[in-house]
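Residue numbers (UniProt numbering), protein chains in the order written: chain A, 1 to 202; chain B, 1 to 202.
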C-alpha cells in the first residue's frame with residue numbers, strides 16, 4: 001500500500017481501496033472476525049476515519065460483502081467466445097478457484113454466520129441467483145438450456161449443488177482432483193436439463 | 001391436549017409432549033418467533049415450568065429442532081420393499097410434502113435465521129448429511145449409486161439441490177406440478193451418478 005497511499009486519492013478512491021483491503025482480509029477469515037479495528041490496523045489509519053467512510057460496522061460489512069460479490073461475478077464471467085459447454089467450463093473453473101482462494105469469507109457467508117443479517121443474506125442470494133440466471137442470459141439461443149419453468153428450477157438447483165460440492169470437496173477432497181470436480185459440475189448441467197425433458201411436463 | 005393432560009404423565013412424557021407442540025408451532029413460524037411465552041400460552045402452563053423442563057430458550061430451541069429433525073428423518077424413510085428408484089421416489093415425495101407442511105420453520109433453519117447458533121446449525125447439517133448418506137446405507141448393493149469419492153460428493157450436491165428446488169418451487173411453482181417436481185428430483189439422482197462415470201476419475 002505504501003506507494004499508493006502517497007498519492008492523493010479522492011474519497012471515493014480511498015473508500016474503494018479500503019474495501020479491496022476488506023475483501024482481501026475476508027479471504028482468510030469469517031465476516032465476524034473482520035472488525036473495523038482490524039481494518040484500521042491493516043490500513044494504518046484511525047478507526048475514526050473508517051467510521052467516517054463507512055458509518056458503522058454493519059454498513060462496512062455490507063459494503064465489503066457487496067464488493068466481494070461483484071468480484072466473484074466478474075471473475076467467473078464466462079468468456080465471450082467458444083462452444084457453450086466450454087464457456088461453462090471456464091466459468092466453473094474460475095468459480096472453484098475463487099472459492100478455494102477465498103474460503104473462509106465465502107464459508108461464513110454461506111453459513112449465514114453474518115448473524116442473520118437480512119441485508120447481507122440478500123446480497124448473497126442475489127449473487128447466487130445472478131450466477132444461475134447467467135446460464136440463460138449468456139445463451140439466449142437456448143443451445144444448452146431451453147428456458148422453461150422446469151429448467152429455471154433445475155438451474156437454481158444446479159447452482160446450489162455447485163456451491164455444496166465445491167465446499168464439500170475443499171473440506172474432504174478424497175482423491176477427487178480439481179479437474180474431475182470441474183468436469184462433474186459442467187457435465188451435470190446438461191444431465192439435469194435432460195431430466196426435465198424426460199420427466200413429465202406440467 | 002385436554003384428554004392427555006388429565007392423565008398423569010412422567011416428566012419425560014410431559015417434556016416429549018411439549019416438544020411435539022413446539023414442532024407443531026414451528027411449522028408455521030420461524031424459530032425466532034417460537035418463544036417460551038408462546039409455548040407456555042399454547043400449552044396452558046407457566047413459563048416457570050417450561051424453564052424447569054428446558055433450562056433456557058436456547059436449549060428449548062435446540063430440543064425442538066432436534067425433534068423436528070428426527071421427525072423429518074422418520075417421515076422420509078424409504079419403504080423397505082420396492083425397486084430402488086421407487087423407494088427414492090417415495091422418500092422424495094415424503095420430503096416435498098414435509099417441507100410444504102412445515103415451510104416456515106424449515107425455511108428459518110435453512111436460512112440460518114437461528115442467529116448463527118452453532119449447535120442448531122450442527123443439527124441441520126447432520127440431518128442433511130444423514131438424508132444424503134441414506135442413499136448409500138439403503139442400497140448397500142450399490143444398485144443405484146456405487147460408493148466412490150465422486151458419488152459421495154455428487155449425492156451431497158443432490159441433497160443441496162433437492163432442498164433448493166423444493167424451496168424455490170414452493171416460492172414460485174410457475175406451473176410445475178408436485179409430481180413433476182418429484183420426478184425431476186428422483187431422475188436427477190441417476191443422471192448425476194452417470195456424470196461421475198463419464199467424467200475422468202482421479
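Note that the Cβ used here is the ideal one computed from N, Cα and C, for glycine as well.
As the structure is a computational prediction, the values presented were derived from the model and not from experiment.
Asked	Found
Status (buried if at least 16 other CB within 10 Å, exposed otherwise) for residue 32 (chain B)	exposed
Beta carbon of residue 184 (chain A) nearer than 8 Å to that of residue 28 (chain B)	no
Three-state class that DSSP yields for residue 188 (chain A) in the structure shown	helix
Interface partners of residue 93 (chain B) on chain A, CB under 7 Å	Near residue 93 (chain B) there are no residues of chain A at all, since even the closest Cβ is about 14 Å away, more than 7 Å.
Members of the stretch 184-199 of chain A near chain B, C-beta cut-off 7 Å	184, 187, 188, 191, 192, 194, 195, 196, 198, 199
Contact residues within the stretch 151-171 of chain B, judged by C-beta distance below 8 Å to chain A	152, 153, 154, 156, 157, 158, 159, 160, 161, 162, 163, 164, 165, 168, 169
Sub-8 Å separation of residue 186 (chain B) and residue 89 (chain B) beta-carbons	yes
Three-pair Cβ contact test at 8 Å for the stretch 39-51 of chain B versus the stretch 125-133 of chain B	no
Reference residue 80 (chain B), options B:137, B:189, B:35, closest by Cα	B:137
Whether residue 192 (chain B) touches residue 188 (chain A) by CB criterion (8 Å)	yes
Residue 102 (chain B) burial status per 10 Å Cβ neighbour count (16 or more: buried)	buried
Residue from B:77, B:105, B:110, B:86 whose Cα sits closest to the Cα of residue 94 (chain B)	B:77
Member of B:120, B:161, B:82, B:14 whose CA lies at the smallest distance from the CA of residue 57 (chain B)	B:120
For residue 109 (chain A) and residue 118 (chain B), the rounded distance between their alpha carbons	14 Å
Inter-residue spacing [alpha-carbon to alpha-carbon] between residue 84 (chain A) and residue 146 (chain A)	13 Å
Enclosing alpha helix (DSSP H) for residue 117 (chain B) [first to last residue]	Where residue 117 (chain B) is concerned, there is no enclosing alpha helix (DSSP H), given that its DSSP letter is neither H nor E.
7 Å Cβ shell around residue 124 (chain B) - same chain, five flanking residues per side excluded	109
Cα-Cα separation between residue 174 (chain B) and residue 21 (chain A), rounded to whole angstroms	42 Å
Chain B residues whose Cβ lies nearer than 8 Å to that of residue 176 (chain A)	149, 150, 153, 202
Three-state secondary structure assigned by DSSP to residue 63 (chain A)	helix
Distance CB(residue 99 (chain A))-CB(residue 170 (chain A)) smaller than 8 Å	yes
Residue 96 (chain B) beta carbon less than 8 Å from that of residue 156 (chain B)	no
Same chain, Cβ closer than 6 Å to residue 87 (chain A), five either side skipped, listed in chain order	78, 79
Coil, strand or helix - residue 37 (chain A) by DSSP	helix
Inter-residue Cα distance where the pair is residue 106 (chain A) and residue 75 (chain B)	33 Å
Per-residue DSSP class, three states only, for residue 156 (chain B)	helix
Identity of the residue in B:161, B:126, B:194 nearest residue 73 (chain B) by Cα	B:126
Limits of the alpha helix (DSSP H) - the one that residue 45 (chain A) falls within	Neither: residue 45 (chain A) is in no alpha helix (DSSP H) and is coded neither H nor E.
Spatial neighbours of residue 42 (chain A) in its chain, beta-carbon cut-off 7 Å, leaving aside the 5 residues before and after	21, 25
Residue 101 (chain B): first and last residue of the uninterrupted alpha helix (DSSP H) it sits in	84-101
Alpha-carbon to alpha-carbon, residue 149 (chain B) and residue 13 (chain B)	43 Å
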